[in-house]
Every structure is written in structure tokens, then in C-alpha cells.
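K.L.:
Have a look at the structure that comes next, please.
There are 2 protein chains.
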Amino acid sequence: MPPRPRPLPDPTAEPQGRAVRITDVAAAAGVSAITVSRALNAPELLSKPTLRRVLAAVERMGYVPNLTAGALSSRRSRMIVAIVPTIASPMYAEALQAFTKVMSQTGYHVVLGLGGFDGRDEEQLVTALLGRQPEGMLLVGALQSHGAKRRLVEATIPVVEIWGDASPGVDLRVGFSHAGVGEAVANHLFDRGARSFGIVSSDDPRALERLEGFGRALERRGARLDAQRLVPPPSTLREGRAALAPLLRDLAARPAVFCSSDLLAAGLLIEAAVQGVRVPADLTICGFGDLEIGRAMEPALTTVSVDGTEMGQLAARCLVDRIAGNPIPRRLTVPIEIIQRGTT
Amino acid sequence: MPPRPRPLPDPTAEPQGRAVRITDVAAAAGVSAITVSRALNAPELLSKPTLRRVLAAVERMGYVPNLTAGALSSRRSRMIVAIVPTIASPMYAEALQAFTKVMSQTGYHVVLGLGGFDGRDEEQLVTALLGRQPEGMLLVGALQSHGAKRRLVEATIPVVEIWGDASPGVDLRVGFSHAGVGEAVANHLFDRGARSFGIVSSDDPRALERLEGFGRALERRGARLDAQRLVPPPSTLREGRAALAPLLRDLAARPAVFCSSDLLAAGLLIEAAVQGVRVPADLTICGFGDLEIGRAMEPALTTVSVDGTEMGQLAARCLVDRIAGNPIPRRLTVPIEIIQRGTT
DNA sequence: TTGTAGGCGTTATCAA
DNA sequence: TTGATAACGCCTACAA
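Protein sequence lines, in the order shown, are assigned to chains V and A. Position one of the first sequence corresponds to residue -3 (this note's numbering), numbered consecutively onward. Position one of the second sequence corresponds to residue -3 (this note's numbering), numbered consecutively onward.
Written as C-alpha cells, this is what we have:
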């Protein structure tokens, strides 16, 4: 192999001896290259003795198939591209974790693309990654830029979107209704007796959809949104804490606040404890995401659970099926659930 | 370019018209394939008019270079493999996020491998990923299995480890001394007046190293570890909460507890609030990791800050330099810092 | 059950 | 500054 540095201690030294190739193994085992290929990819086609002999040679020589060459030749890259706004957010990380696990077990490798929340450089990112000839793509959250979408459509590969909003998708969707979440929360809070309502929300499109659903459901019950506070993504505990005071100023007695993330809600809860605002006596709170932190707070946070792991797994299985040519539904819905705990 | 059908509604349809290849663009621009290649990879070699003509054709035809073919031919995959125990842990996720960002800006794609905390399937994972011909590898935490290490060494590619322990590494390391963290915390707590010491620790190798350093430093000051509670990784708030009661039973008045993660420490803090244990009056706590949650708690958590973003970025830059053949130090150290806040 | 021939789409090398 | 030719390492197609 060409001038690539070995690990230390001598970074500039040439690696000794080229990597073992399929023909080396073939020669060692006394068969042709294609037989080695079959031993690895379709062992059932070979006779027992041949198979054994070849695998022994593979083992002995430490042969590692060059997947790049294999991909070029077979036109099957066995790669999936995953585009995620950020993995610093636990909700996305959880879904990606589950997705990658399933993909890995199915023999696919996942290439990670960090998209961010704005559409800047998105088309460039998508284009570059499409150059890897992925067999499928995972989109966490919708694509922002039109150009990126166009590229994807032109690539004619299966695409699954999760955590997406209601805008028209590219191909497959595994998700839930964000507006429906907002409605469910509004009804829950109303039913628990709240009559003054506030919201602390990230101003990303999905959160805003939940907010809209929230507002609509309130109107239907004859109530309305009295105070709202938008914060830029990604949401943090700090912003939750900071939001409490201004929010309380705008709200009537015994208000209910819907937070677009458990992180924001937990921040509210911490600040409430500090300020002596009793929850749920003086204030009720509902979060979103069912994060670990909400479960551990005191009182434990009422929240909406969307199973990120479930979504990731489902997305992976859909994608695999779709790649295999199996018919699958264009939209899959993961149930959401209001988990009532101590804050409502 | 001929209109190609969208993925659905017919998942089995052949995409009409092959993807645009470099020769197509070359023909359209009236040049040879290699000229198109140069326009994209070494534009400074071409004359202005030729360059313009080629790029226009590229744009017009929506040409996306096949990186698989390019990698095979040039023996430069422009891929990096990142092996991470899990991205569900914010500390790892943060470092990987930063690493991937830098790599992406430098023209590399990152393939994600989820290793888990035990060594099962690790060698298989590493081997398969090495088949992608990555130009470098990021290891978050040390490799568990000996076989996997051997494979890596044989691959003779640059490797950076972050979040690793003191065991002999494969190539480059960007990190800090875990034992040193334990010592620093012990000294800090002792200096703040604590004389009874406990620990709540994940039982992964890195945390145990910190624990050891903690115990050693205590001994040096004439104190000792009075109570310890080990929990399986990954650490959670819940386990922190659950740990408080048994720990307090074993400790003398005004004890200090070192937690191997801010998550555990925050759990302790929440439980302390619930049980009416005053912090820092009755109990002092130091966490590890400087997670967002610790900053937002009340009182805010004293902790040890290891800048995951910094490590990720540094690791990326090291790897890039190493791949380029630039001499770089085998070990880089990121400073740690005790952030004293309200709990000590 | 095994093998031969040819090509996957790009870039290195050398030549003009 | 541009091009012709020959790999890169493997797998598909077809043949034996």
C-alpha cells in the first residue's frame, strides 16, 4: 500500500507488505478467488472440505475483505447514511443508537452526517454522502433545504424519516403526530383542572407543531394560551430555569405549563423548588420526551413518551425491508403516551 | 438528466437511466474523464475555461462522484471509523459530535461502530469496519478484546483513543489521567473539611481508576474510603437516588461523596432534597463530567470538568495531521479542572 | 461444485 | 495543460 504512515513509533515508515488480498488467500488455499469470495458470502454453495480449507486460510492469513472493492463490484455498498441534526440531544442519540444497532446486526454500516438545525451546507453534506453510494438513508428530523431534498429524490434510494414534522416527506416515515401530542397534553392539563396555560418551547419546526396542536385543543375547550416563551434549539435545563419567572408573571393562579422538552421542564421544576413554588399545588408542568431526568426529578415529571429506541429500530427494519424490495407501508406510526407522574 | 421516478409508490421499479458517471460529464464537456476528475479534485491544474466548462457540465447533469470507485482507485477512502461504547451517554456523544464535525469539515466521513461495554463481538465489529479501508480510527474508551486490538495494530492505520484508561494504547491518545482526577477530588474534599468519605461509582475501568486515585490520595492524607457503592454502567440519576440512603448509613457526620458521574451526583442531590439532607451543610458531593444537569441543579454541583468537545476536536485534528504524515505527539493531555460550585 | 473472463467508476502514471 | 492506459480488489455472468 502506498505512502500511508504506520502507527508510531515511526510515523513515516511504510507498512510492511501489502494487505492480504483475496487472490493471496485463494493461492494459499489452492482455489480460485471466486471460491474465497463464496466461502465468505455464500458458504452454502461450497463443499464442506473446500469451505473448511478456505476459511482456515482466511483465518491464518488474517484476511480482511476490502469492502470498498466489493461495493464497487457488486454495486451493494452495505452502507446507510444517517443524517441527524445533532447527537448531543438525548432524544436523537437514543434513536440513532437503536437504529445503528439494528443496522449493524443486519450487516450494514452507518455513516454519520451531522446536519445541524439550519439548512446551511445541508445540500453539500447530502451530496457528498450520496457519493458513498449508500443503500438507504435515515433522516432524523426533516431536511431543511430544498436542494438537499431534490438530491435525495434523484438518488432513488430508500429513505426513512423519523422525528419529522408534517411537511411532505421524501419516502418513508416512522413517526407520530406532533400536533396530536400538543392536543393530548392540552386535554390532559385541562382535565386535571388547569385553566391558565403557558408554554416554553424550542422554536424548531417540530416543537412549533406541537405548540399549534396545543393551542388548537385549548380553543376547542374554551381556553387559550396565556403566555409563551420560545427558546432556540437545542433546549437546556438553564433555559427552563430562566423561563419560570417571566412565565409566572404572565399567568393566572395555578397555571399549567407545557414544555417542548423534558430538559426545559426539569429546569422549570428546579427553579420552582428554589423559588418555593409548589408543584403541582401552585403550578403544573408537562414535559416532552420522557427523558431519564424527568423520571428522577422530585416530583417526577409528567411527560409525553415517544419511544426513540422503538422508532430507531422500526426505522431500521423498514429500511432493510425496503432495500430488500419487500412491500412496506409508507407511513408507520409509533404510539405516544402521556405519562402522568407528580407534576400534574 | 432524465427524470427518475421517486422511490415510492413503486419500490421495485428500476431507476431509469444509470447514474451519471464521470465519462458522461466528460463527454458533455468535451474533455476526458481525468479532466473532470481534476476539475473536482485539483482545479488548480486546469485552465480557467476548461475548468468552467467542466464544472458547468457537472452542475447541469447533477453529477455526484462515486466515492467508492474513487477510494478503490486512489486508495484513499476519506473515511474514519469511530468506535464508541454508546452514544446514549452525553459524555461520549459530545466528544463524537465534535469529532465528527471537524472530520466532516476536513473532508472525511465518519462510520459509526457501537462497541458496547463488554468485549463481545468487538473483534468482529472492528474487522468488518476495517474492511472499509478507513484512513484512521477513533476509539472512545479502550478496546476490550485482545483480538480487536491485534486487528487494529495489523491494519497499520492511525488510531486515536479518547476517554481511555491507563492500559497500553494502540497508537495515539488524547486524554487525561483518571487516577489524577480521583486524587484531585480527594484533596479538594479534604481541604473543604470532609473527614468521612464515600463513593458512588460505575464499575467500568475508567471510573475504577478514578476511584483508586481517590483512595490513594485519601490515604496520603491520613483518611480512608468509608463506604462505596458500585453500579453497572451506564450510570443514571435513578441509581444515584437509590445510593444515598445506604451510603449515609455507612458514613460518619458530614460526609463527602465522590460520584463517578454527574448523573449519579444529581441523583444523590435530588434524593437529599427529598430526604431533607442539607447540601453542603450535612453532605458534600462532587461529581464528574460537568454535565449540563449538574450546572442547573440547586445547589449547583461541584464537579470535575473534562471538556469532551475539546477532546473530540483535538482527537480529530491529531488524526488528520497523523494521516497527512505530520509529526505529532503520541500523547496529548487535556487539562481537567475542579469546578467548585454549591455542593462542596 | 468450481472456475474464467470481464467490468464496476475512478484515479495514478506516464506521455504528449 | 490535457490525455491514454492501466490498475484498484472484488463480484456478476456465464461456462465447465
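Beta carbons are placed, not taken as given, at the ideal position from N, Cα and C, and that holds for glycine.
(1) Just reading off the alpha helix (DSSP H) that VAL54 of chain A is part of, what are its end residues?
(2) What residues in the stretch 264 to 296 of chain A bring their beta carbon closer than 9 Å to a beta carbon of chain V?
(3) Name the chain A residues whose beta carbon is nearer than 8 Å to that of LEU315 of chain V?
(4) Are the C-beta of ASP89 of chain A and some C-beta of chain V separated by less than 8 Å?
(5) Which chain V residues sit within Cβ distance under 7 Å of ALA261 of chain A?
(6) Across which residues does DSSP place ILE334 of chain V in a beta bridge pair?
(7) Anyone know if the C-beta pair for ALA67 of chain A and THR64 of chain V falls short of 8 Å?
(8) Quick one: using the 10 Å Cβ neighbour count with 16 as the cut-off for buried, is GLY218 of chain V buried or exposed?
(9) CYS314 of chain A bridges to which residues according to DSSP?
(10) Give the DSSP-derived three-state secondary structure of SER85 of chain V in the structure shown.
(11) From GLY132 of chain V to ILE334 of chain A, what distance separates their C-alpha atoms?
(12) Does PHE210 of chain A come out as helix, strand or coil in the three-state DSSP assignment?
(13) Note down, in chain order, all residues in the stretch 108 to 134 of chain V with a beta-carbon under 7 Å from any beta-carbon belonging to chain A.
(14) Does DSSP put THR329 of chain V in a helix, a strand or coil?
(15) Which class does LEU265 of chain V belong to by DSSP, given the choice of helix, strand or coil?
(16) With VAL27 of chain A and THR46 of chain A assumed to form a contact (beta carbons below 8 Å), what rounded beta-carbon distance in angstroms separates them?
(17) Listing by chain order, which chain A residues have their CB less than 7 Å from the CB of THR96 of chain V?
(18) In angstroms with no decimal places, state the Cα-to-Cα distance between VAL273 of chain A and VAL270 of chain V.
(19) Would you mind reading off the limits of the alpha helix (DSSP H) that contains SER70 of chain V?
(20) Quick one: what's GLN271 of chain A bridged to in DSSP?
(21) Does the count of Cβ pairs from the stretch 132 to 145 of chain V and the stretch 295 to 306 of chain V closer than 8 Å reach three?
(22) Closest Cβ-Cβ distance between HIS184 of chain V and chain A: below 8 Å?
(23) Closest to GLU90 of chain V by CA distance: which of V:ILE195, V:GLY285, V:ARG318, V:GLY321 is it?
(24) Check whether the Cβ atoms of GLY109 of chain V and ALA78 of chain V lie closer than 8 Å to each other.
(25) Which of the three DSSP states, helix, strand or coil, is assigned to LEU260 of chain A?
(26) Under the three-state reduction of DSSP, which class applies to SER33 of chain A: helix, strand or coil?
(27) To the nearest whole angstrom, what separates the beta carbons of ARG206 of chain V and GLY137 of chain V, a pair I think is in contact under 8 Å?
(28) Helix, strand or coil: which one does DSSP assign to PHE186 of chain V?
(29) Give every residue of the same chain whose Cβ lies closer than 6 Å to the Cβ of SER229 of chain V, excluding the five residues on either side of it in the sequence, and list them in chain order.
(30) Does DSSP put SER163 of chain A in a helix, in a strand, or in coil?
(31) Counting along the chain, where does the alpha helix (DSSP H) carrying ASP246 of chain A start and finish?
(32) Excluding the 5 residues flanking ARG147 of chain A on each side, which residues of the same chain have their C-beta closer than 8 Å to its C-beta?
(33) Residues in its own chain within less than 7 Å of GLN336 of chain A by CB, not counting five upstream and five downstream?
(34) Indicate the three-state DSSP secondary structure (helix, strand or coil) for THR152 of chain A in the structure shown.
(35) In this structure, does DSSP put THR123 of chain A in helix, strand or coil?
P.N.:
If we stick to the structure as given:
(1) 44 to 57
(2) ILE266, GLU267, ALA269, VAL270, GLU288, ILE289, ARG291, ALA292, MET293, GLU294
(3) What LEU315 of chain V touches in chain A: nothing, since even the nearest Cβ is about 11 Å away.
(4) The sequence given here places Ala at residue 89 of chain A; Asp does not occur at that position. Cβ-Cβ to chain V under 8 Å: yes for ALA89 of chain A.
(5) Ordered by position in chain V, no residue passes the 7 Å Cβ test against ALA261 of chain A, which lies about 12 Å from the chain.
(6) V:VAL300
(7) yes
(8) exposed
(9) BP columns for CYS314 of chain A are empty, so no partner.
(10) coil
(11) 45 Å
(12) helix
(13) LEU108, LEU110, THR123, LEU125, LEU126, GLY127, ARG128, GLN129
(14) strand
(15) helix
(16) 7 Å
(17) LEU108, LEU110
(18) 15 Å
(19) 63 to 70
(20) According to DSSP, GLN271 of chain A bridges with nothing at all.
(21) no
(22) no
(23) V:GLY285
(24) yes
(25) helix
(26) helix
(27) Not really, about 14 Å apart at Cβ, beyond 8 Å.
(28) helix
(29) The sequence given here places Pro at residue 229 of chain V; Ser does not occur at that position. For PRO229 of chain V, where only same-chain residues beyond five positions count, the Cβ hits under 6 Å are PHE113, SER198, ASP200.
(30) coil
(31) 233 to 246
(32) GLU119, VAL122, THR123, LEU126
(33) THR298
(34) coil
(35) helix
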